[in-house]
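Engineer:
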Amino acid sequence: MKNYYEILNINKNASQEEIRSGYKKMLRKYPPEKEQEKYKEIREAYDTLKDEKSRKNYDAYFHHEKDIKTLEDKYTEYMKAKNYNEAEKVLKKILIISPEIAHIKDKLGEIFFLEEKYNKSIEIYKELIKEYPDNVDYLIKLGGNYQKIEKYEISRMYFLTAYALDTSNSEAISGVVHSYIKENKISEAIDFLNEDIEKDDKLDFEDFFALSKLLECYIIKNDMSNLKRTLEDIKKIALEDEESKSFISWKLGKLAAELYDMGIYEETKETLEICLKLTPDVDIILELYKNVDLFVEANKLMNDDNIYGPSKIPIYNYFFGGKLDEETKNEIFQKLEERLKTSIGKEYFKGGVQKIKERYPMLYNEPAINEIYTKLVRGSSQGSNILTRFIIGVAILLVIRVIFG
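According to the UniProt record's numbering, the stretch in the sequence shown is residues 1 to 405, in order.
(1) With H, G and I counted as helix, E and B as strand and the rest as coil, what does DSSP make of T48?
(2) Report back the beta-carbon spacing between L301 and I356 to the nearest angstrom; my notes put them in contact at under 8 Å.
(3) In the region 20-87, which residue ranges form an unbroken alpha helix (DSSP H) of at least 4 residues, counting only runs that do not cross its ends?
(4) Apart from the five residues on each side of it in sequence, which residues of its chain come closer than 6 Å, Cβ to Cβ, to K221?
(5) Between K202 and K120, what straight-line distance do the alpha-carbon atoms span, to the nearest angstrom?
(6) Write down every uninterrupted run of the alpha helix (DSSP H) in the region 193-276 whose length is 4 residues or greater and which is fully enclosed by it, in chain order.
(7) Would you say F209 and I173 are within 8 Å of each other, going by their C-beta atoms?
(8) Under a three-way DSSP split, which group does E115 fall into?
(9) Buried or exposed, going by whether 16 or more other CB atoms sit within 10 Å of the CB of T271?
(10) In this structure, how does DSSP classify N317 when only helix, strand and coil are distinguished?
(11) Can you tell which of N184, Y146, L227 has the C-alpha that lies nearest to the C-alpha of A256?
(12) Given that a residue counts as buried once 16 or more other Cβ atoms are within 10 Å of its Cβ, and exposed if not, what is I392?
(13) How would you call K213, buried or exposed, if buried means at least 16 neighbouring beta carbons within 10 angstroms?
(14) Output yes or no for whether 8 Å exceeds the beta carbon distance between L363 and I315.
(15) Quick check: the Cα distance between I140 and G322, rounded to an integer number of angstroms?
(16) Using the Cβ count rule (16 or more neighbours within 10 Å means buried), how would you classify R156?
(17) Could you check the C-alpha separation between G253 and E267 for me, to the nearest Å?
(18) Give the single residue among S54, K89, I248, L8 whose Cα lies nearest to the Cα of K34.
(19) Helix, strand or coil for M106? Go by DSSP, reduced to three states.
(20) Excluding the 5 residues preceding and the 5 following K199 in the sequence, name in chain order all residues of the same chain whose CB lies nearer than 7 Å to its CB.
(21) How big is the Cα-Cα spacing for I7 and L128?
(22) Could you check whether the region 159-166 touches the region 72-80, counting it as contact only if at least three pairs of C-beta atoms, one from each stretch, sit closer than 8 Å?
(23) Under 6 Å Cβ to Cβ from S170, same chain only, skipping five residues before and after it: list those, please.
(24) What did DSSP end up calling R359 once you bin it into helix, strand or coil?
(25) So for P99, helix, strand or coil by DSSP?
(26) Quick check: the Cα distance between H103 and E366, rounded to an integer number of angstroms?
(27) Is T167 helix, strand or coil by DSSP?
(28) Taking DSSP as the reference, what is the three-state secondary structure of R339?
(29) Per DSSP, what kind of secondary structure is A298 in: helix, strand or coil?
(30) Between which two residues does the alpha helix (DSSP H) containing K141 stretch?
(31) Name the two residues that bound the continuous alpha helix (DSSP H) containing P367.
(32) Could you check whether the region 296-312 touches the region 335-355, counting it as contact only if at least three pairs of C-beta atoms, one from each stretch, sit closer than 8 Å?
(33) I'd like the span of the alpha helix (DSSP H) that includes I7, first residue to last.
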């Protein structure tokens, strides 16, 4: 069995204040979203030791340690092998030896959850909550079970109860927000998050999780104005909290990859600029920033009415060609080729390319784009073949997804 006192780095006679202090120190050392397994362990230790009844129950466990240890070792082996059925049997044997041990019941509830026996898991946690009504971990797990069976209003009730007991708990906050989103109540989720952020009348790292969930809500609503405002709030926090810069940059990097995938390039660029201020030497962020900068420039070019439309086609195809079906794409290329066959069309095309070279050098100097423009302007006989063989898009997003998970 895990030693909860060691997990929180406190002694066995620690006061409630020392338990709270140890918990907060461990949270800063292991942020929930980056160290999920460690956070789960820390949370479990804190929830057990902060409640006098559960702490007494936990301490009493050691009286049965010799009898139970062999069974717990078997349970651990079965869990590593993901043999949940055998793990369930072992826990039931332990409960025959010592039926009052709450954390064993908790583990049984977890196994039922993993086996997708949600109603059985619900029964376990309802029983535990009757005995330990202020145990945040049990409330969150009960809420999670109700989410799985799509009873979002009931799940939210338990997440809100957990939140009322511990307003800093990210799982409780996430559970409330998720339940609102599933019911398409995005405005309610935003209101809840804003209330959480404003509860202590100050903006600091403690608000980062809620701010990151706000960003997700604004993306769903396509509310770019409030998304930018929230990014500015995150920037203030990030620059003030030296210890958390790496974590914030990692989290924002994931968000930037999502925005990039959605084609929201201006906001992707702003998000990455914050990342680069926090962690300027991360290669993958630098690479994504370079590519998103190209997309931003490409968007500007597409909206530039002073440049001859057909001259934009190679750049449009490079960045946005994936949005077109093959028939439409071939039709566009065919029309471009027809224009290039006339002297007037070719002159207009050359004039447009010259303007792109002068006004959008970043785009023009992109190797693949530069190659096709050079050959088309020179009137190469290979021009048509180049158009039909032109490679669409940029592959960097695949790398980002792998790294940011």
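Glycine included, every Cβ here is placed at the ideal spot set by N, Cα and C.
Structural biologist: Concretely, from the data shown:
(1) Correct three-state label for T48: helix.
(2) Going by Cβ atoms, the distance from L301 to I356 rounds to 7 Å, so yes, they are a contact pair.
(3) 36-50, 52-61, 65-80
(4) I186
(5) 42 Å
(6) 208-221, 224-240, 245-262
(7) yes
(8) coil
(9) buried
(10) In the structure shown, N317 sits in a helix (DSSP, three-state: H, G or I).
(11) L227
(12) Note that I392 scores a pLDDT of 36, beneath 50, so its modelled location is shaky; the value from the coordinates is reported in the next line. Classification of I392: exposed, given that the 10 Å Cβ count is below 16.
(13) The Cβ neighbour count for K213, taken over all protein chains shown within 10 Å, is at least 16; the residue is labelled buried.
(14) yes
(15) Rounded to whole angstroms, the gap between the alpha carbons of I140 and G322 is 42 Å.
(16) buried
(17) Each residue's Cα considered, the two are about 12 Å apart.
(18) I248
(19) Just to set this straight, residue 106 is Asp in the shown sequence, not Met. D106: helix per DSSP, three-state reduction.
(20) T167
(21) Between I7 and L128, the C-alpha separation is close to 23 Å.
(22) No, they do not touch.
(23) Excluding sequence neighbours, S170 sits near P32, F209.
(24) helix
(25) Judged by DSSP in its simplified three-state form, P99 adopts coil rather than helix or strand.
(26) 60 Å
(27) coil
(28) Of the three classes helix, strand and coil, the one that applies to R339 here is helix, per DSSP.
(29) helix
(30) 136-148
(31) Unbroken alpha helix (DSSP H) run through P367: 367-377.
(32) yes
(33) 4-7
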